[in-house]
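Asker: Taking full-length UniProt numbering, the leading residue of the sequence shown gets 1, the next gets one more, and so forth. Beta carbons: idealized from backbone N, C-alpha and C, even for Gly. Sharing a structure below in structure tokens format, with a few things to ask.
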Amino acid sequence: MAADLENGVAVNGEVNSQKAHGKGKGKKRSENQEKERIQRLDQLYSKKKRQTYFVPTPKVQADREIHGSSSHVVLKVRRIICDKGFPTDTEIDIKSDLLKDALQEIFEGVEGLKLNESPPVASPELLFHARIGLEERLKAEQGKAHTNKAVIDDLNVALQYIAEDYDSTLETLASLSSHYEITFNLLWTLFPPNTEIFTKHNLLREDQVLKLQTGEYGARANGSRYFSLNVRHISHDGEKFGWIQETSMQIDQFEGAKKVHHLKCFPLSHHPDQDDIRTKLIQRGRRYVELLQPTYLEYTGAAITENREVVIEGEYKQVLIHASGRIMLDPPTFLQQNDFTDLLKPAVETEVHTPSITDSELLFCNNHVAGFSFSQKRWGCFAISRMGPVTWNTDAFSKLVIDPRRRNLVHSLVKSHWNGQDTFDDVTLTAEVIAEVTKRPLYMLSAGELGTSVDDVEKKLGMVLDVTRRWGCVLLIDEVDVFLQQRDTVSLERNALVSIFLRRLEYFQGVLIMTTNRKHTIDAAFDSRIHFKLHYPDLSPESREAIWRNCLASVPSNAAKVEIADKAIKELAALQLNGRQIKNAVACAVSIATEENTALNVEGVRVVLDMVVEGLDED
1 MAADLENGVA VNGEVNSQKA HGKGKGKKRS ENQEKERIQR LDQLYSKKKR
51 QTYFVPTPKV QADREIHGSS SHVVLKVRRI ICDKGFPTDT EIDIKSDLLK
101 DALQEIFEGV EGLKLNESPP VASPELLFHA RIGLEERLKA EQGKAHTNKA
151 VIDDLNVALQ YIAEDYDSTL ETLASLSSHY EITFNLLWTL FPPNTEIFTK
201 HNLLREDQVL KLQTGEYGAR ANGSRYFSLN VRHISHDGEK FGWIQETSMQ
251 IDQFEGAKKV HHLKCFPLSH HPDQDDIRTK LIQRGRRYVE LLQPTYLEYT
301 GAAITENREV VIEGEYKQVL IHASGRIMLD PPTFLQQNDF TDLLKPAVET
351 EVHTPSITDS ELLFCNNHVA GFSFSQKRWG CFAISRMGPV TWNTDAFSKL
401 VIDPRRRNLV HSLVKSHWNG QDTFDDVTLT AEVIAEVTKR PLYMLSAGEL
451 GTSVDDVEKK LGMVLDVTRR WGCVLLIDEV DVFLQQRDTV SLERNALVSI
501 FLRRLEYFQG VLIMTTNRKH TIDAAFDSRI HFKLHYPDLS PESREAIWRN
551 CLASVPSNAA KVEIADKAIK ELAALQLNGR QIKNAVACAV SIATEENTAL
601 NVEGVRVVLD MVVEGLDED
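Here it is, written out as structure tokens:
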């Protein structure tokens, strides 16, 4: 980490050690022994001899003169001198095993430290960050009935070094802290290793706590400076659950002092509501672990997906989509169905076993889970805070406007299938009702979405059948005429499509609903596999009226107030419309009324019908 230890000024991206050792006020030592046990040397390199050598650091204050021999040294402070003759960095050799053990305990779990090297090495900043832990250990040792003098002496030496080199820094920090502020040049003091970092700086603008590994100043090619935080959190990468590889966040340089909690990321301990945040995120982490199994939920708001036509720094651009509606969360299937996805990066580096996960680990769990949006037919990542249980419409069958005997037959067939009896393939747009009554996800797509080439159809259909089987979906394929038509000796490509469709569906064990306007041209191989065919004749005026009333009664009270009289409903029912057209017309009219903050009236419905339905006739 590069920082001016007194004024927080970075010099050439490295530590200005001359200032660090020459401009602190210093404190009078109570014993010469402490002076003797901090050895300050300059490390130079001889090109002639091709070796590194050391010379005593020039005295900058009288009370910093080196005394004694290296046999008493606890800290060996080395300024690294470049070939141009000025210091570029400072390293501290830890010559005391007792002090090394204390530092390892303080920074337990922090990777990338050099405390296990021989000799152990620490940066001046690391010792600064250890000061509170060292003080606590010194106080604890001094409070024992039988104290260890060697431990006390070595801890005092480390604290003496911090007092000498950071007294001015600590005074400045005390002044800034009283106003909850920090300067850019002193940012490094806020971020010891293992700090809990709070941020909302993500695409979904969700609260997230990250664990800090390291922090350092840097500069871009244009000369602008930043402070970089290397952080980790816990997530699922589609294969494993645990701590992901490091990612980086940057705080751009700013002038003067700034409120700590106004930074894009800052220690959780500086959050005004840190206790509430901690409690909420631990609960969210527990929910995250529960959602790693396939889970069907209702979602409201934006989700993250990939724009694969745009690549930024080697990765697909992440964008937001509106994904309100029902979703299926399933990270492993997400990874399986999305080759080369970047949404689950970086990969898990250290696994965490969910049965033994602790609250301190749950705090760091990701704010979103990977899955699939049924409304958008897109894979993406969904914020945990925006999802909830599905509200099933178990009364849906009673509102299905078809002959009651057929309605009951469909109900019985589907129920018997989910109870493990027989297979069932084909009804029509009754799909939504079937999904509601059986409390199953509904996967809807048109035949056109499967593509037109043999390869595209086989790949897309295979994916759809795989996920619907895994998730227990009701599958609706609309306008499937091209795949059901009788094969002949002329249309070889169409024959291939029909064959693929047959082969893929041969062992499908879910509920498949297909719609067609050509029931008389269905290939015999399909016809023999269809368990039940339901014909929908044109709706009678009475049936259309019932559908209009059902749709209008379903308009949410917080969307638009319905002001359509019975006479107007009967007039609408006289129009030659099918159930889907009626449902879509009501949905569009509600959207317009909500946007314009007006009631839903018959005039608004007629405007929509005039725009979207051609050739309307009355019975």
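1) If you draw a straight line from the C-alpha of residue 476 to the C-alpha of residue 277, how long is it?
2) For residue 518, which three-state DSSP category applies?
3) Find out if the Cβ-Cβ distance for the pair residue 304, residue 173 is shorter than 8 angstroms.
4) For residue 292, which of helix, strand or coil comes out of DSSP?
5) Based on DSSP bridge pairs, tell me the residues matched to residue 227.
6) Quick one: using the 10 Å Cβ neighbour count with 16 as the cut-off for buried, is residue 339 buried or exposed?
7) Looking at the unbroken beta strand (DSSP E) that takes in residue 258, where does it start and where does it end?
8) Distance check for residue 102 and residue 108, CA to CA, integer angstroms please.
9) Tell me the start and end of each unbroken beta strand (DSSP E) in the stretch 297-335 that is at least 3 residues and wholly inside, in chain order.
10) Can the beta-carbon of residue 386 be found less than 8 angstroms from the beta-carbon of residue 301?
11) Can you say whether residue 53 is buried or exposed, counting buried as having 16 or more other CB atoms within 10 angstroms of its CB?
12) Identify which residue in 133, 42 and 556 has its Cα closest to the Cα of residue 104.
13) Just verifying my parser: in three-state terms, what is the DSSP assignment at residue 195?
14) Starting from residue 152, trace the alpha helix (DSSP H) in both directions and tell me its first and last residue.
15) Any idea what DSSP makes of residue 530, helix, strand or coil?
16) Could you give the distance in angstroms between the alpha-carbon of residue 704 and the alpha-carbon of residue 594?
17) Going by C-alpha to C-alpha distance, which of 316, 366, 357 and 361 sits closest to residue 331?
18) Among the residues of its own chain, which have a CB less than 8 angstroms from the CB of residue 352, if the five just before and after it don't count?
19) May I have the straight-line CA-CA distance separating residue 6 from residue 359, to the nearest angstrom?
20) Rounded to the nearest angstrom, how far is the Cβ of residue 77 from that of residue 40, given a contact under 8 angstroms?
21) Under 8 angstroms, do residue 99 and residue 158 count as touching if we go by C-beta distance?
22) Going by beta carbon distance, what residues of the same chain come within less than 7 angstroms of residue 483, once the five residues before and after it are set aside?
23) Can you give me the Cβ contacts of residue 431 inside the same chain, cut-off strictly under 8 angstroms, excluding the 5 residues immediately before and after it?
24) What does the Cβ neighbour count give for residue 211, buried or exposed, with the cut at 16 atoms within 10 Å?
25) In this structure, how does DSSP classify residue 535 when only helix, strand and coil are distinguished?
26) Along the chain, where does the alpha helix (DSSP H) containing residue 458 start, and where does it finish?
27) Tell me, please, which residues DSSP counts as bridged to residue 660.
28) Taking only three categories from DSSP, how would you classify residue 271?
29) Given residue 586, which residues of its chain have a CB within under 6 angstroms of its CB, disregarding the five upstream and five downstream residues?
30) Express the C-alpha separation of residue 597 and residue 562 in angstroms, rounding to a whole number.
31) One question on the structure: do residue 349 and residue 509 come within less than 8 angstroms of each other, judged by their Cβ atoms?
32) Nearest to residue 333 by CA position, among 559, 344 and 326, is which residue?
33) CB-CB under 7 angstroms to residue 209, same chain, minus the five flanking residues each way: which ones, in chain order?
34) Out of curiosity, what's the CA-to-CA distance linking residue 493 and residue 479?
35) Is the number of C-beta pairs between the stretch 144-156 and the stretch 173-187 that are closer than 8 angstroms three or more?
36) Look up residue 67 in the DSSP assignment and say whether it is helix, strand or coil.
Answerer: So, to answer that:
1) Roughly 43 angstroms separates the two Cα atoms.
2) Residue 518 falls in the coil class under three-state DSSP.
3) Their beta carbons are not under 8 angstroms apart, which means residue 304 does not touch residue 173 by this criterion.
4) Residue 292 sits in coil when the DSSP states are folded into three classes, being neither helix nor strand.
5) Answer is 217 and 251.
6) Burial call: exposed.
7) Its beta strand (DSSP E) spans residues 257-259.
8) If you take the alpha carbons of residue 108 and residue 102, they lie about 10 angstroms apart.
9) Given a length threshold of 3 residues, each whole run of the beta strand (DSSP E) inside the stretch 297-335 is given here in chain order: 302-312, 315-322 and 325-329.
10) Yes, the pair counts as a contact, with Cβ atoms nearer than the cut-off.
11) The residue is exposed, with fewer than 16 neighbouring Cβ atoms inside 10 Å.
12) If we check each option's Cα against that of residue 104, 133 comes out closest.
13) If DSSP states are grouped into helix, strand and coil, residue 195 belongs with coil.
14) For residue 152, the enclosing alpha helix (DSSP H) begins and ends at 149-177.
15) Residue state, collapsed to three classes: coil.
16) As shown, the chain starts at 1 and ends at 619. That puts residue 704 outside it, with no answer to give.
17) Answer by Cα proximity: 366.
18) Cβ contact annotation for residue 352 (same chain, cutoff 8 angstroms, sequence separation greater than five): 234, 241, 242, 243 and 361, in chain order.
19) Since pLDDT at residue 6 reaches only 35, below the 50 mark, its modelled position is unreliable, and no value is offered.
20) That pair is a contact at about 5 angstroms.
21) Going by C-beta atoms, residue 99 is nearer than 8 angstroms to residue 158.
22) Cβ neighbours of residue 483 beyond the five flanking positions: 447, 497, 498 and 501.
23) Correct list, in chain order: 442, 444, 474, 476 and 513.
24) It is buried - the Cβ of residue 211 has at least 16 other Cβ atoms within 10 Å.
25) Three-state DSSP puts residue 535 in coil, outside helix and strand.
26) In the DSSP assignment, residue 458 falls within the unbroken alpha helix (DSSP H) covering 454-471.
27) What the structure shows of the chain is the stretch from 1 to 619, and residue 660 is not part of that stretch, so it cannot be assessed.
28) Of the three classes helix, strand and coil, the one that applies to residue 271 here is coil, per DSSP.
29) Exclusion of the five residues before and after residue 586 leaves 551 as the residues of its chain whose Cβ lies within less than 6 angstroms of its Cβ.
30) So the alpha carbons of these two residues sit roughly 12 angstroms apart.
31) For residue 349 and residue 509, no; Cβs fall outside 8 angstroms.
32) Considering only alpha carbons, the answer is 344.
33) The residues are 196, 197, 198, 268, 281, 363 and 364.
34) One C-alpha to the other measures close to 18 angstroms.
35) The stretch 144-156 is not in contact with the stretch 173-187.
36) Unreliable placement is indicated for residue 67, whose pLDDT of 40 sits below 50; the coordinate value is still reported in the next sentence. If DSSP states are grouped into helix, strand and coil, residue 67 belongs with coil.
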